[in-house]
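Report on one structure; see the data block that follows.
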Amino acid sequence: YKAEKRFEDAVQCFEHALSIQPDAGAIHSNLGTVYNAWGRPDEAAQCFRRALECIPDHPELLGNLGNSLLAGDHHDEAIAAFARAVEIDPGHVRARANMGVALTEQGRLAEAADALSAAIAHDPEYADAHWNLGLTQLQAGDYDNGWFEYEWRRRLPNFAMRHPEGPAWDGKDMAGTLLVHAEQGLSDSILFGRYLAELPA
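For the sequence shown, counting from 1, position 190 maps to 1672 in the working numbering; every step adds exactly one.
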C-alpha cells in the first residue's frame, strides 16, 4: 500500500498490526515511514518516538526521527536526534549530513560545514553530503569551494536535471559547440542567463 501511495490503507494495516503487537518497534517505525511519505512529519515523529521506546538508542530510528523533525521545522529537536545517532554510531553518515542540513537551516553555517565535512570524511563518495556542503558554503559566501561541491548534484539520482551525452564543460578553453540548457527553476535560468554573453570569450 505504501509503495502504491495508498497511505490510508497502509496506516490501517500497521495500526491493526499494532493492536496485536503494541510494543513492536519495527511496526511503529514502518508506520512512521508511511506518514513521512504521506507528508505528515509530525505524526511520523510520534511513531519514531514510540519505536525508540521499544528499541532504545537505535541509531537508524534516531536518524528517522531527526528527518521527521527536520521536515516539520523542529530544528533543535532534529539536531539533538541526529547528534544522539552519531554519538551511538560515529559512522552514521546520513545523520551527520542531515544534522548539517538542520544547522544550515538555522543559519549556523560554520557548524553545518563541520558536520557535512565529517560525513564526507566517513564516506568520501556521499554525494548528498557534498551537495549540501556546497549549498552551505555558497550561503556563507565561499563561492570557490561552494560551486565545486555543488557539482556533486550531478551524482544525485533524483536530482531534476538532464544528463546530455558527452562530458560536462570544465570551464577551460575549448573548440566546437557548447550545449547550454536550463537545469532547475525559471528564476535560476534568468539569473544565470546573463552569463551566456560571456561564453564565447
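The beta-carbon is built from N, C-alpha and C at its ideal position, and this holds for glycine as well. Computed from a prediction, not measured in an experiment: that's the story for all the values here.
Let me know the secondary structure DSSP gives L1575 once reduced to three states.
-> Checking the displayed sequence, the identity of residue 1575 turns out to be Val instead of Leu. V1575 falls in the helix class under three-state DSSP.
Is D1605 helix, strand or coil when you go by DSSP?
-> Here DSSP, grouped into helix, strand and coil, assigns D1605 to coil.
Would DSSP call Q1588 helix, strand or coil?
-> Reduced to three states, the DSSP call for Q1588 is coil.
When you compare each of L1661, T1586, F1674 to P1649 by their alpha carbons, which one comes out closest?
-> Nearest C-alpha to P1649: L1661.
Expressed to the nearest angstrom, what Euclidean distance is found between the alpha-carbon atoms of L1620 and A1579?
-> L1620 and A1579 have their C-alpha atoms roughly 16 Å apart.
Mind checking which residues open and close the alpha helix (DSSP H) that includes Q1528?
-> 1523-1536 is the extent of the alpha helix (DSSP H) around Q1528.
Continuous alpha helix (DSSP H) stretch holding R1566: start and end = Taken as a continuous stretch (DSSP letters only), the alpha helix (DSSP H) holding R1566 covers 1557-1570.
Whose C-alpha, out of E1680, P1541, H1557, G1589, is nearest the C-alpha of R1576?
-> Proximity to R1576 across E1680, P1541, H1557, G1589 peaks at P1541, based on C-alpha coordinates.
Length of the line joining the Cα atoms of G1628 and D1670 = Taking the straight line from one Cα to the other gives about 16 Å.
Hey, would you say F1564 sits closer than 8 Å to G1548, going by beta carbons?
-> Yes, Cβ-Cβ distance for F1564 and G1548 is below 8 Å.
N- and C-terminal bounds of the alpha helix (DSSP H) containing L1668 = For L1668, the enclosing alpha helix (DSSP H) has its first and last residue at 1668-1675.
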